[in-house]
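S.K.: Pasting a structure below so you can have a look.
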Amino acid sequence: MQNATYIIAKSKQITEGKMRMSASGLLLFLLCAMLTHLVKLAFAQRDPYVLHYCSNTGNVSSNSAYRKNVNTLLSSLSSNSQIDFGFYNFSTGENSDRVNAIALCKADLTPTNCRSCVNMSALELLLLCPNQKEGIMWYMNCTVRYSNNSIFGVMQFKPVRHLYNSVNVTDPIGTFNKVRETLLDRLRSEAAASTSTLRKFATGKTSSPYYNIYALLQCTPDLNQQECSDCLNQSIAEVPTCCGPALGVRVLTPSCNLRYESNHFYGSTLEASPPSSSTLPLPAEGKGSNSSRTIIIVVAAVVSAVLIVCICTCIYLRMRKQRKKVEMDEINSSAESLQFDFSTIRVATDNFSDVNKLGQGGFGTVYKGKFPNGQEIAVKRLSRSSEQGDQEFKNEILLVAKLRHRNLVRLLGFCFEGNERLLVYEFMPNASLDHFIFGTITFFQVACMFQHTWIYIFICIYICPITPYICLIECVDPSKRLHLDWTIRYKIIVGIARGLQYLHEDSQFRIIHRDLKTSNVLLDEKMNPKISDFGMARLFTLDQTQANTRRIVGTYGYMAPEYAMHGHFSVKSDVFSYGVLVLEMVCGRKNNYFQNGENMENLLSHAWKNWREGTASNLIDSTLRVGSMTEIMRCIHIGLLCVQENVAERPTMASVLLMLTSYSMALSIPSRPAFLMQSIVESDMSSDRSFQASENEASMTDPYPR
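Under UniProt numbering, the residues of the sequence shown are numbered 1 to 706, in order.
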């Protein structure tokens, strides 16, 4: 109320300073201030929503006596003093219109937070189950339930819901399971044996070789010892079948709940004994409800249409802010279970030794590491001068941790300590695809392969004073491409398509990579492709298909022209990059400019020219001595379809995958590809802008002015 008093006092000062302000304007100001304060109070303690259940056993009309009883009962839950003890049950109505309700708060919740949680749960339950006879709302810290059946003192296990941590146990699973089962069984007995009629719960902690395990088991206190024990016993039995090796699990039922985590998630107030009472206190009269209705009537009579719009806008913005806060809390909670100690990573990488350096990208350097248990890892150490902020870092953690696909690199964890920010990935023994397709070798290494090594050494010794870098000049090493026969290349092409389709269509969120290239495709020990480097990926909601950006990130040669020139990107931007990658794999050369007679060409223009002239076979890598000519020519065709200049004509990744796996599907005739560099130069000349393009090995991670 101090905030409300301050606002009113402030409004009085304004009226004294501006005597010409109309009475209606002052009234509007006061109403806005009061409503904003009420909204703030309503949402200040809102708990994150988890799950809900609406029974399909029977529906009722919105104006029926039963539904009115439901609305009355749930609206009055938080105004009853009984909720101070964390448990509430009440009934209203007669015969077939009788409604029974139960509310249970997490055992460590304060009365204020319990009331807030129950209030929000009840309100959302009314919205989510508008016509059902039964409903349950599971929030993070409370449960609200109503039914037309008798539920007080009745153990009910179904419906049962499961939630589990996306991070799995990495130490011996048998040992972890045994320690966990021992702890849960002990807490089951303690919770069931509780003599309190107000709270029936138990908490405890134990340790496995690599993890701490914290657990909380709780029943509604209206159950007797045997009923509570049976309910929790069934919940414990659900854990191995539903959630396997998950590091954290929640089992939610109408009469009991179970939760264990690797972090301490319950408060110290659980150590305090609950109030001793043999009977439940009677509910208080719902005076707050009547006051709220009076306020609503007054506001509805006075507020104009313009003010209603303002109120709705305020509520919407507040709820959106709260949702973002909840999402960030979830990110932080998930991140805690993925976090490594910096000293552990430093030891694993031998203090980030250059010997363990695997490569360097736009945001930092990648090192190979090894844990004491023998597990090999790849550590991405973000550059301190990188413009990637804390939010981008957390987004990449959340993004990669949520993804589960055989053609995507797996995130093992991260480190966020001081100025150091590290990402820990599974190690890929065969490095990246570009090491095989575009592998290089120095002139000195070439000479060492032949018998005239002494001649080359002599040249290096006597020529070096004039041209000291001649011994270090590199050239393409065709022998590395020999490791990739057509069978392996085709498997890689299909695998990348599957990974992109998952990102675009099958994952929980639509994700656009924006920097797909050969160096961002890693190969495991069986040469299976895994797409990596999501540092520049943009998270999409499911109904979005494109977006604009002023920050251009990616690699020239792979970037779609509409993205490089105008900042427009969509799933078709990744399709363009995929098409370039397919042509590079078939041709065995980069999408660089090269001299072809008197003309300068890049890979796309060269492929298009040969396609139109009917000489597409000239594009095939000379090291591909064995392979299906039909598959190879079909891949060239698909690659040209993906790099078409018209964005709408490019296929989706789902269509591309169907083209690759179904030979009965006819392919359309490709139109002119996007010759990116030529288009950019022409556009810059016409608009008199300066533009500097990097080669296709270098990633653009900084914004440029447009």
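We put the CB at the ideal spot given by N, CA and C, even for glycine.
All of these numbers come straight from a predicted model, not from anything done at the bench.
Which residue or residues does DSSP assign as beta-bridge partners of E134?
M.R.: DSSP output for E134 lists no bridge partner at all.
S.K.: Helix, strand or coil for E181? Go by DSSP, reduced to three states.
M.R.: Residue state, collapsed to three classes: helix.
S.K.: Nearest by alpha-carbon distance to G588: which of H568, E134, I632 is it?
M.R.: Checking every option, the nearest Cα to that of G588 belongs to I632.
S.K.: Buried or exposed: where does V626 fall if 16 or more other Cβ atoms within 10 Å of its Cβ makes it buried?
M.R.: With fewer than 16 Cβ atoms within 10 Å of its Cβ, V626 is classed as exposed.
S.K.: Please state whether the Cβ-Cβ distance between G93 and Y53 is less than 8 Å.
M.R.: No. Outside cutoff.
S.K.: Roughly how many whole angstroms lie between the Cα atoms of S62 and V70?
M.R.: The straight-line gap from Cα to Cα measures roughly 10 Å.
S.K.: Could you check the C-alpha separation between R250 and K200 for me, to the nearest Å?
M.R.: Taking the straight line joining both Cα atoms gives about 18 Å.
S.K.: Beta strand (DSSP E) containing R625: first to last residue?
M.R.: No beta strand (DSSP E) contains R625, which DSSP labels as neither H nor E.
S.K.: Got a sec, what are the start and stop residues for the alpha helix (DSSP H) G499 sits in?
M.R.: Segment 486-501, the alpha helix (DSSP H) holding G499.
S.K.: Beta carbon of K178, beta carbon of C142: below 8 Å?
M.R.: Cβ atoms of K178 and C142: not closer than 8 Å.
S.K.: Which term fits A122, buried or exposed, when burial requires 16 or more other beta carbons within 10 angstroms of its beta carbon?
M.R.: Buried.
S.K.: Could you give the distance in angstroms between the alpha-carbon of A497 and the alpha-carbon of V167?
M.R.: Going from the Cα of A497 to the Cα of V167 covers about 26 Å.
S.K.: According to the Cβ coordinates, are I397 and F371 closer than 8 Å?
M.R.: Contact flag unset, no.
S.K.: Between Y558 and I345, what straight-line distance do the alpha-carbon atoms span, to the nearest angstrom?
M.R.: Each residue's alpha carbon lies about 33 Å from the other.
S.K.: List the residues that DSSP assigns as beta-bridge partners of R318.
M.R.: Per DSSP, none; premise fails for R318.
S.K.: Would you tell me roughly how many angstroms separate the C-alpha atoms of V326 and Y316, rounded to the nearest one?
M.R.: Those two C-alpha atoms are separated by around 15 Å.
S.K.: In chain order, what residues of the same chain lie with their CB nearer than 6 Å to the CB of G153, ignoring the 5 residues before and after it?
M.R.: The residues are D222.
S.K.: Kindly list the residues whose CB is nearer than 7 Å to the CB of T623, restricted to its own chain and excluding five residues on each side of it in sequence; keep chain order.
M.R.: Closer than 7 Å at Cβ, skipping near neighbours: P478, R481, L482, G588.
S.K.: Going by DSSP in three states, C231 sits in which element: helix, strand or coil?
M.R.: Helix, per DSSP.
S.K.: Measuring CA to CA, which of M120, I136, E190, L247 is closest to P172?
M.R.: The candidate whose alpha carbon is nearest that of P172 is L247.
S.K.: With the cut-off set at 8 Å, would you say L522 and H513 are in Cβ contact?
M.R.: No, they are not a contact pair.
S.K.: Report back the beta-carbon spacing between M137 and V144 to the nearest angstrom; my notes put them in contact at under 8 Å.
M.R.: About 5 Å; that satisfies the 8 Å criterion.
S.K.: Based on the DSSP output, what are the partners of F414 in its beta bridges?
M.R.: F414 is bridged to Q339, L423.
S.K.: By the DSSP assignment, the beta strand (DSSP E) with S62 in it spans what residues?
M.R.: Run containing S62: none; DSSP gives neither H nor E here.
S.K.: In angstroms with no decimal places, state the Cα-to-Cα distance between L252 and L258.
M.R.: Going by the C-alpha atoms only, they are around 7 Å apart.
S.K.: Pull up the distance between the alpha-carbon of E261 and that of L184, whole angstroms please.
M.R.: About 12 Å.
S.K.: Can you look up C219 in the DSSP assignment and give me helix, strand or coil?
M.R.: Reduced to three states, the DSSP call for C219 is strand.
S.K.: For E376, count neighbouring C-beta atoms within 10 Å of its own C-beta (all shown protein chains included) and say buried if the count is 16 or more, exposed if not.
M.R.: Answer is exposed; the Cβ neighbour count stays below 16.
S.K.: Which residue wins for smallest C-alpha separation from C129, given the options F509, I511, L104, N56?
M.R.: Measuring from the Cα of C129, the nearest candidate turns out to be N56.
S.K.: Just to confirm, are N592 and N602 a CB contact at a threshold of 8 Å?
M.R.: Yes.
S.K.: Taking only heavy atoms of the ligand ZN into account, decide whether any of them is closer than 7 Å to the Cβ of R67.
M.R.: The model depicted lacks the ligand ZN and carries no ligand whatsoever.
S.K.: Quick one: what's A122 bridged to in DSSP?
M.R.: In the DSSP output, where bridge partners are listed per residue, A122 has none listed.
S.K.: Under DSSP, the alpha helix (DSSP H) around F436 begins and ends at which residues?
M.R.: 434-437 is the extent of the alpha helix (DSSP H) around F436.
S.K.: In this structure, how does DSSP classify S150 when only helix, strand and coil are distinguished?
M.R.: If DSSP states are grouped into helix, strand and coil, S150 belongs with coil.
S.K.: Of the residues S207, H162, V494, T206, which one's Cα is nearest the Cα of Q234?
M.R.: Checked all of S207, H162, V494, T206; the closest Cα to Q234 is H162.
S.K.: Using three-state DSSP, classify G364 as helix, strand or coil.
M.R.: In this structure, G364 counts as strand in the three-state DSSP scheme.
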